[in-house]
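Okay, structure first, notes after.
Residue numbers (this note's numbering): 2 to 245.
So, in structure tokens, the structure goes:
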């Protein structure tokens, strides 16, 4: 009788555990379904962003970020990660590039980190198919997937446009990625351009959580290369010609 009673008790506990797990799974599925149905603004509010933070992000970039998150998250535990902007020393070059802004938004769901480095021309420029945008990650971030998108407009008051062929494809190494060449634009005259990369990553073995960004404007189509390492972003180029 004792053995039967014990067995019944164990069976009962096991059954309750299964029921609890199913209930939790159903609840999580409901939460995720509800989150995925939210519009962009409410989605970002639900994952911890404040309205003033949301308003700082370009509307097209917001839509791009939320679309990417909705396509990839597997649970509703998505959280916004606050970032702080720190100015680094200028990369050594003949001419420093002006009229460009950088910012980054980051999120975490489970063990996956979603990072969105962004640049935007605040004055019109004419890339000639030889520009480059680089992102270097600290050793606390171990990326496994990259992509991105580019938008453009002719005049300041115009609406931004983007086509499917404006997707960005990265060349990667262990410490980051570069987006380079015609994918960053080949307009016939000066225009406004912005780009948002996406990086999907897991936690790395180190403690450096920095995300460094650099843009090279190369209207004269000079040869240059990004060198992305654990120690930062370096750029080498022919010293006889200007690169911005």
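Even glycine gets a Cβ: it sits at the ideal position worked out from N, Cα and C.
request  = For the segment 76-87 and the segment 130-146, state whether three or more C-beta atom pairs, one from each stretch, are separated by less than 8 Å.
outcome  = no
message = Excluding the 5 residues flanking residue 74 on each side, which residues of the same chain have their C-beta closer than 7 Å to its C-beta?
response = Start at 1 with the first residue of the chain shown, and residue 74 comes out as number 73. Excluding positions up to five away in sequence, the list reads 110.
query = At which residues does the alpha helix (DSSP H) containing residue 55 begin and terminate?
reply = Position 54 of the chain shown, counting from 1, holds the residue named residue 55. Segment 52-57, the alpha helix (DSSP H) holding residue 55.
ask   = Measuring CA to CA, which of 96, 28, 199 is closest to residue 221?
value = Working through the chain shown from its first residue, we reach residue 221 at position 220. When each option's Cα is compared against that of residue 221, the closest is 96.
request  = Run the CB neighbour count on residue 215, radius 10 Å, all protein chains shown included, and call it buried at 16 or more, exposed below.
outcome  = As a first step, residue 215 must be located in the chain shown, where it is residue number 214. By the neighbour-count rule (16 or more Cβ atoms within 10 Å), residue 215 is buried.
task = Have a look at the DSSP bridge pairing and note the partners of residue 137.
result = Within the chain shown, residue 137 is the residue found at index 136, counting from 1. Note: residue 137 sits in a beta bridge opposite 177, 213.
request  = Check residue 65 in the structure and name its three-state DSSP category.
outcome  = Here residue 65 is taken as the residue at index 64 of the chain shown, counted from 1. Residue 65: helix per DSSP, three-state reduction.
key: Contacting residues, own chain, Cβ-Cβ under 8 Å from residue 49 (five flanking each side not counted)   = The residue labelled residue 49 in the question sits at position 48 within the chain shown. These residues qualify, in order along the chain: 80, 81.
query = Which residue or residues does DSSP assign as beta-bridge partners of residue 75?
reply = If you number the chain shown from 1, residue 75 lands on position 74. For residue 75, which the question treats as bridged, DSSP gives no partner whatsoever.
request  = Could you check how far apart the C-beta atoms of residue 242 and residue 213 are, in whole angstroms? I think they sit under 8 Å.
outcome  = Counted from its first residue, the chain shown places residue 242 at position 241. Counted from its first residue, the chain shown places residue 213 at position 212. Not really, about 25 Å apart at Cβ, beyond 8 Å.
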